[in-house]
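Asks:
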Amino acid sequence: MTEPPAAPRRRGAERTEELLQATLDLAAEVGYAGLSIEAVGRRAGVGKHTIYRRWPSKAALLLDALSRVWTSDLDYRDTGNVREDLREQFLRSGAALSGPPIGPVYRAVIAEAQGDPALRATLHERFLATVERSTLDRITRAQRAGELTADANLEFAAEVLCGALYYRSLMSTRPIDTDAVDGLVDMFMAAYGTAG
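Just add 10 to the spot in the sequence shown (first one is 1) and you have our numbering.
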């Protein structure tokens, strides 16, 4: 009796996608504390050594998985109207932070990072700083185009804009809805917008 041919080995991008998806799925089910490299390997059908060759830690793996689904939400659509671009971006980000797969996993990582300085630093470097840079880049272009005042402290403004969304998503029971986003953008434009 002959053996059926073995399934082709998954390589490269396909295996990476499977591992990242398995990580997100499992993290949503068991939280950060319950997540393990071994469990991700079982879910994805690979050995833990395969995972450790690509990611040095559970935190690095999970942050890559979050980045994979969050990346499309980081890119501003630059229409030439900073008010509309901020509004559209924050509505997309709010939806992503509020629901699966990002919302529950993000909250679990934030909670774990409070007691883990290395995870906190990695989270800031790989996720939070990226979001702030994306916002800073967009409002800097708006300032150069004359949409924002020349004396605006844009680094602080980007931090405040992003911080308001994080606060709503992590600490408040109020949603990141159209009213919240419009209020935030209106406040920013009242402080830094130009009339022309």
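Glycine residues also receive a C-beta, built at the ideal position from the N, C-alpha and C atoms.
Computed from a predicted structure; not experimentally measured.
What's the C-alpha gap between A75 and A38?
Replies: By 1-based counting over the sequence shown, the position of residue 75 is 65. By 1-based counting over the sequence shown, the position of residue 38 is 28. Approximately 12 Å between the Cα atoms of the pair.
Asks: Is DSSP giving L45 helix, strand or coil here?
Replies: Position 35 of the sequence shown, counting from 1, holds the residue named residue 45. The answer is coil: DSSP assigns L45 none of H, G, I, E or B.
Asks: At what residues does the alpha helix (DSSP H) containing Y7 begin and finish?
Replies: With the chain covering 11 to 206 only, the question about residue 7 has no answer from this structure.
Asks: Determine the closest residue to Y116 out of Y176, G125 and R64, with distance taken between C-alpha atoms.
Replies: Position 106 of the sequence shown, counted from the start, is the residue given in the question as residue 116. Out of Y176, G125 and R64, Y176 has the C-alpha closest to the C-alpha of Y116.
Asks: Suppose the cutoff is 6 Å on Cβ atoms and the five residues either side in sequence are ignored; what does the same chain contact list for R99 look like?
Replies: Taking the first residue of the sequence shown as 1, we reach residue 99 at position 89. The sequence shown places Gln at residue 99, rather than the Arg named in the question. Excluding residues within five positions, the ones whose Cβ falls inside 6 Å are Y86.
Asks: Could you give the first and the last residue of the continuous alpha helix (DSSP H) run that contains A155?
Replies: For the purposes of this step, residue 155 is taken as the residue at position 145 of the sequence shown. Segment: none, A155 is in no alpha helix (DSSP H) and carries neither H nor E.
Asks: Would you report the Cα separation of Y42 and T89, rounded to the nearest angstrom?
Replies: Along the sequence shown, one-based indexing puts residue 42 at 32. Along the sequence shown, one-based indexing puts residue 89 at 79. Between the C-alpha atoms of Y42 and T89 there is a straight-line separation of about 38 Å.
Asks: Between which two residues does the alpha helix (DSSP H) holding Q99 run?
Replies: On the sequence shown, residue 99 is found 89 positions in, with the first residue counted as 1. Unbroken alpha helix (DSSP H) run through Q99: V92 to S108.
Asks: Which same chain residues end up closer than 7 Å to L164 when comparing Cβ atoms and leaving out the 5 residues on each side of it in sequence?
Replies: Position 154 of the sequence shown, counting from 1, holds the residue named residue 164. Closer than 7 Å at Cβ, skipping near neighbours: L146, I149, T150 and Q153.
Asks: Could you tell me the alpha carbon to alpha carbon distance between L138 and A106, rounded to whole angstroms?
Replies: Against the sequence shown, residue 138 aligns to sequence position 128. Against the sequence shown, residue 106 aligns to sequence position 96. About 14 Å.
Asks: Is it the case that the Cβ atoms of R53 and A32 are separated by a distance below 8 Å?
Replies: In the sequence shown, the residue the question calls residue 53 occupies position 43. In the sequence shown, the residue the question calls residue 32 occupies position 22. Taking 8 Å as the Cβ cut-off, R53 and A32 qualify as a contacting pair.
Asks: In terms of residue numbering, what span does the alpha helix (DSSP H) encompassing A123 cover?
Replies: Counting from 1 along the sequence shown, the entry for residue 123 is found at position 113. Element bounds for A123: I112 to A123.
Asks: From Q124, S179, M199 and S46, pick the residue whose C-alpha is nearest to that of W65; which is it?
Replies: What you label residue 65 is simply residue 55 of the sequence shown in a count that begins at 1. That would be S46, whose Cα lies nearest to the Cα of W65.
Asks: Roughly how far, in whole angstroms, is the beta-carbon of I61 from the beta-carbon of V50, given that I think they are within contact range, below 8 Å?
Replies: Locating residue 61 in the sequence shown gives position 51, counting from the first residue. Locating residue 50 in the sequence shown gives position 40, counting from the first residue. With a Cβ gap of about 6 Å, I61 and V50 count as contacting.
Asks: Provide the residue span of the alpha helix (DSSP H) that contains T132, from first to last.
Replies: Walking along the sequence shown from the start, residue 132 turns up at place 122. Counting along the chain, the alpha helix (DSSP H) containing T132 begins and ends at P127 to L133.
Asks: Pick out whichever of L180, E24, A168 and V40 has its Cα sitting closest to the Cα of L72.
Replies: Indexing the sequence shown from 1 puts residue 72 at position 62. Selected option, being the one with the closest Cα: V40.
Asks: Express the C-alpha separation of T188 and L158 in angstroms, rounding to a whole number.
Replies: If you number the sequence shown from 1, residue 158 lands on position 148. If you number the sequence shown from 1, residue 188 lands on position 178. So the two alpha carbons sit approximately 22 Å from each other.
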